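Counting from 1 along the sequence shown, just add 1197 to a position and that's the residue number in my numbering.
We put the CB at the ideal spot given by N, CA and C, even for glycine.
In this text the structure is predicted, and so the values were computed from the model without any measurement.
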Amino acid sequence: MHVSLISMPWAIFYRPSIQLGALAAYLARQPDTIGVTCLHPYLSAAHTIGLDDYRIISHNPWAGEALYSALLFPGNRPGAQKLFCRELPELAHRFEQLTDQLANHFTHWLNRQDFSDCTLLGFSVCFSQLAASLYGAKIIKRLHPDLPIVFGGSSCTPAVGTGLLNVFSQVDYLVTGEGEQPLADLVHHICNKGPLPANVRQRPPSGTIHQGPQGCGQNREQRDLNRLPTPDYSSYFQEMAALNLSFIPELPIEFSRGCWWNKCSFCNLNLQWCGYRYKDHQKMVAEVAELVDRHQCLDFFFTDNALPPKEARSFFHRTAAAGVDLRFFAEIRIPRTEEECHIYRRGGLRIIQVGIEALSDRLLEQMCKGTTTIDNIHAMKMAASSGITLEGNLILEFPGSTEEDVRQTLAALAAVLPYRPLQAATFFLGDGSPVSNHPQEYGIKAVTTHPNNRLLFPKNILGKLDLPVKGYRGDRSIQRKRWRPVRQAMAAWTAFHASRKNPAQPPLAMRDGESFLLIRQERPNQPALHH
């Protein structure tokens, strides 16, 4: 039994795929040995089109999907080109060249592969990988019509999966939810050693989808994450060496699965999980040490939606004492104390992504964030004073927003000028999110196909697909106009920080004279004030 696992563009090129690494390590430990080959064509694709252009495209989900949509649906190429050029005007002149390069790249890459002993071919389909994976599977199925192909990953929700199996004949199986045990069971099923596994769907020749038992109770999730092996990234490093790429990778690691908060009204990131689970900090410390020793890397990226607070504090206490210059990125809920931030920083946490999302108390309540504006501002202050870079988004045009929400946001933006700018993020309707499930509560009159998907997929196919991002009718034009002043204020905020002559010096700083303070305050387009 042998499985080949593939991760297509637009995975981040300087990170190995944790999906492939985790599955490979798990399958290798099965009692009846399952051989695994992990393949990262996104790495050679980045080498082909250039690392800088790949980086730009991989950070724009619609643009990346548009390039492979043009290859997957040649008759739909004008729409895909229109979308790409709108999303990345700076690369519009390269559209034809990029699609040619990507097509040639996959042909050459495929010519080097040997699937003669392959029992099952799997595609990990996460953010911005759907069109590329469908294209790759189509080409492979044409050459190897009897080779079973399975799709899985965070983009393969039950709703999405039904459409994929109905429409695309290159997809034979689809795993919904967590993949380790269902994938192992699927290999046994294909080898006539067991039934169709739970949470696996099959497209039979009759066109009627067969499926194993569905739902969280049937998913065979890993209840104890401490028993999972360390991800196997060896294939990624071998491919990287073969391409003579000289960067030092950032290694993905996983403390938890799911989200311990899991209440945000706009979020659909946790549809594949059935509850929140996390590793002990001792397991996490050992895993990092093993990866450091194995790959000589010191930079790590937590894939968690939210670190487990208590175990995370213990983990960073341990890494601080390790005497190794480790550096981490993590998504966290807002820290509650400055001491917590200092613990994180001493343990190597250099960049945090915090779910700020809004600077209006009413909006934060509508989003079910469980935080207030002052909580968010305090988090920005604590991160800055601890030497941690805080990244975050401000969601604009949230349905049902009021003029008062905008007024409060503008007032808060004036107060946070010294801190690192947030990114403006236009609200999108994620399928399966609370807003999507209860649209009337947010003033949404109808849920529709997202206009960008109309450019990516032919009309006769689009109606059969249930895609993760939706369009909607409601107060969109009103919100677009209403939030324009906030966009302008955020652009000015970003411009202020970009124009600072000494970014290493805080724009607002004090010196303590015990009985007095000296304060230095920078202002946009004006001399600094001293108080």
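Beta-carbon gap between residue i and residue j smaller than 8 Å
{"i": "L1593", "j": "V1666", "result": "no"}
{"i": "V1322", "j": "I1346", "result": "no"}
{"i": "S1241", "j": "F1312", "result": "no"}
{"i": "G1597", "j": "G1640", "result": "yes"}
{"i": "A1503", "j": "E1528", "result": "yes"}
{"i": "G1319", "j": "L1380", "result": "yes"}
{"i": "Y1541", "j": "F1513", "result": "yes"}
{"i": "L1280", "j": "L1299", "result": "no"}
{"i": "H1492", "j": "F1452", "result": "no"}
{"i": "A1609", "j": "T1570", "result": "yes"}
{"i": "C1565", "j": "K1698", "result": "no"}
{"i": "P1618", "j": "P1704", "result": "no"}
{"i": "R1547", "j": "T1516", "result": "no"}
{"i": "A1580", "j": "C1538", "result": "yes"}
{"i": "Q1278", "j": "F1292", "result": "yes"}
{"i": "G1218", "j": "Y1430", "result": "yes"}
{"i": "A1356", "j": "D1663", "result": "yes"}
{"i": "L1307", "j": "I1337", "result": "yes"}
Buried or exposed by the 16-neighbour rule on C-beta atoms within 10 Å, applied to residue i
{"i": "K1661", "result": "exposed"}
{"i": "S1814", "result": "Any answer about residue 1814 is impossible in this case: the structure gives the chain only from 1198 up to 1728."}
{"i": "G1629", "result": "buried"}
{"i": "M1198", "result": "buried"}
{"i": "F1463", "result": "buried"}
{"i": "G1414", "result": "For G1414, the pLDDT reaches just 46, beneath the cut-off of 50, and the residue's location in the model is therefore unreliable, although a value from the coordinates is still provided. Its Cβ having fewer than 16 others within 10 Å, G1414 is exposed."}
{"i": "Q1216", "result": "buried"}
{"i": "R1177", "result": "Residue numbering for the chain in the displayed model covers 1198 to 1728; residue 1177 lies beyond these limits and cannot be assessed."}
{"i": "I1254", "result": "buried"}
{"i": "N1301", "result": "exposed"}
{"i": "V1372", "result": "buried"}
{"i": "R1708", "result": "exposed"}
{"i": "S1204", "result": "buried"}
{"i": "A1243", "result": "buried"}
{"i": "T1304", "result": "exposed"}
{"i": "F1210", "result": "buried"}
{"i": "D1522", "result": "exposed"}
{"i": "F1739", "result": "The first residue shown for the chain is 1198 and the last is 1728, placing residue 1739 beyond what the model contains."}
{"i": "P1721", "result": "exposed"}
{"i": "S1712", "result": "exposed"}
{"i": "S1351", "result": "buried"}
{"i": "A1289", "result": "exposed"}
{"i": "K1678", "result": "exposed"}
Closest residue to residue i among the options (Cα-Cα distance)
{"i": "K1476", "options": "E1508, S1462, D1496", "result": "E1508"}
{"i": "R1420", "options": "V1613, F1525, R1474, S1241", "result": "R1474"}
{"i": "L1344", "options": "Y1370, V1357, F1324, L1362", "result": "Y1370"}
{"i": "H1256", "options": "Q1227, N1590, W1207", "result": "W1207"}
{"i": "S1214", "options": "F1324, V1384, S1511", "result": "F1324"}
{"i": "P1506", "options": "M1687, L1610, C1456", "result": "C1456"}
{"i": "G1232", "options": "E1284, C1315, I1675, I1209", "result": "C1315"}
{"i": "L1331", "options": "G1350, L1422, L1361", "result": "L1361"}
{"i": "Y1239", "options": "N1467, A1329, N1273", "result": "A1329"}
{"i": "Q1294", "options": "V1644, L1466, L1264", "result": "L1264"}
{"i": "T1296", "options": "L1220, Y1251, P1648", "result": "Y1251"}
{"i": "I1716", "options": "H1727, Q1723, N1722", "result": "H1727"}
{"i": "I1675", "options": "A1612, V1632, T1599", "result": "T1599"}
{"i": "N1649", "options": "A1519, P1275, E1287", "result": "P1275"}
{"i": "E1719", "options": "V1613, R1651, F1624", "result": "V1613"}
Run of the alpha helix (DSSP H) containing residue i, from where it starts to where it stops
{"i": "A1381", "result": "1377-1387"}
{"i": "M1437", "result": "1431-1439"}
{"i": "Y1639", "result": "No alpha helix (DSSP H) contains Y1639, which DSSP labels as neither H nor E."}
{"i": "V1765", "result": "In this structure the chain extends from 1198 to 1728, so residue 1765 is not present and cannot be described."}
{"i": "R1684", "result": "1681-1695"}
{"i": "I1185", "result": "A query on residue 1185 cannot be resolved here, the shown segment of the chain reaching from 1198 to 1728 and no further."}
{"i": "L1295", "result": "1292-1308"}
{"i": "D1249", "result": "1248-1255"}
{"i": "L1726", "result": "Unbroken run through L1726 is the beta strand (DSSP E), 1723-1727; no alpha helix (DSSP H)."}
Beta-bridge partners of residue i, as assigned by DSSP
{"i": "P1449", "result": "F1498"}
{"i": "Y1475", "result": "S1453"}
{"i": "F1348", "result": "F1320, L1371"}
{"i": "G1627", "result": "V1666"}
{"i": "A1622", "result": "I1592"}
{"i": "F1713", "result": "DSSP output for F1713 lists no bridge partner at all."}
{"i": "I1529", "result": "V1551"}
{"i": "Q1702", "result": "Its beta-bridge partners do not exist; DSSP assigns none."}
Where the beta strand (DSSP E) through residue i begins and ends
{"i": "N1590", "result": "1590-1593"}
{"i": "K1667", "result": "1666-1670"}
{"i": "V1521", "result": "Unbroken run through V1521: none, as it is neither H nor E."}
{"i": "V1613", "result": "That residue, V1613, is in no beta strand (DSSP E); it is neither H nor E in DSSP."}
Proximity test, residue i beta-carbon vs the ligand GDP heavy atom, cut-off 7 Å
{"i": "P1704", "result": "Annotation note on the ligand GDP: not contained in the displayed structure, which lists no ligands."}
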